[in-house]
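The sequence shown begins at -2 in this note's numbering and counts up one residue at a time.
Note that beta-carbon positions come from the ideal geometry of N, C-alpha and C, so glycine has one too.
This one's a predicted model, so the numbers in the text were calculated from it and none came from an experiment.
Here is the structure we will look at, set down as structure tokens.
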Amino acid sequence: PLAPAPRLHQRLLNPRPGKLSLESIQVVLEELRKNGNLEWLDKNKTSFLIMWRRPEEWGKLIYQWVSRNGLTNSVFTLYELASGDDTESEEFHGLDEAMLLRALQALQQEHKAEIITLDDGRGVKFF
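Spelled out as structure tokens, the structure:
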């Protein structure tokens, strides 16, 4: 799920004549990386993940929802956050589980949440 779309990857690495040079593409990718919106998936820098929002930004959106709805000190499963009825109108609804976990890890580092193990998987408690 974190691998780049093959077509995009091919287009970026093999541009058509008259399009951006490989060097120009590398400059763009490096800028995305510096801004936290790109992560290299291998040491050779041939595979990457482009993120619409950084994990910290997703975490902020999730925590704003928690605060706005008076849900601090509540426990949620990852499913409830990403796919539950209560989050349907939120931007993070439908978020990939790997990115959701990264967002929650960012909140955990800020002491706003704790990722926990539940009987049926993982969950999170918000503070």
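In the DSSP output, which residue or residues are listed as bridge partners for residue i?
{"i": "E111", "result": "K122"}
Which of the three DSSP states is assigned to residue i in this structure?
{"i": "L92", "result": "coil"}
If residue i sits next to residue j, beta carbons under 8 Å apart, how far is it from one beta carbon to the other, in whole angstroms?
{"i": "L101", "j": "A110", "result": "6 Å"}
{"i": "L92", "j": "A79", "result": "5 Å"}
{"i": "Q106", "j": "I112", "result": "About 11 Å separates the two Cβ atoms, so there is no contact after all."}
Report the start-end ranges of each beta strand (DSSP E) in the region 16 to 86 that is 3 residues or longer and not cut off at the edges. List check, beta strand (DSSP E) in window: 35 to 37, 45 to 47 and 72 to 74.
Say whether the region 15 to 26 touches the region 49 to 63, bearing in mind that this needs 3 or more beta-carbon pairs closer than 8 Å, one atom from each stretch. Between the region 15 to 26 and the region 49 to 63 there are fewer than three C-beta pairs closer than 8 Å, too few to call the two in contact.
Check whether the region 60 to 78 touches the region 41 to 49, counting contact only when three or more Cβ pairs, one atom from each stretch, lie closer than 8 Å. With a cut-off of 8 Å, the region 41 to 49 and the region 60 to 78 do not count as touching, because too few Cβ pairs lie within range.
Using a Cβ distance threshold of 8 Å, determine whether the region 113 to 122 contacts the region 65 to 77, with at least three qualifying pairs required. Yes, since at least three Cβ pairs between the region 113 to 122 and the region 65 to 77 fall closer than 8 Å, the two stretches touch.
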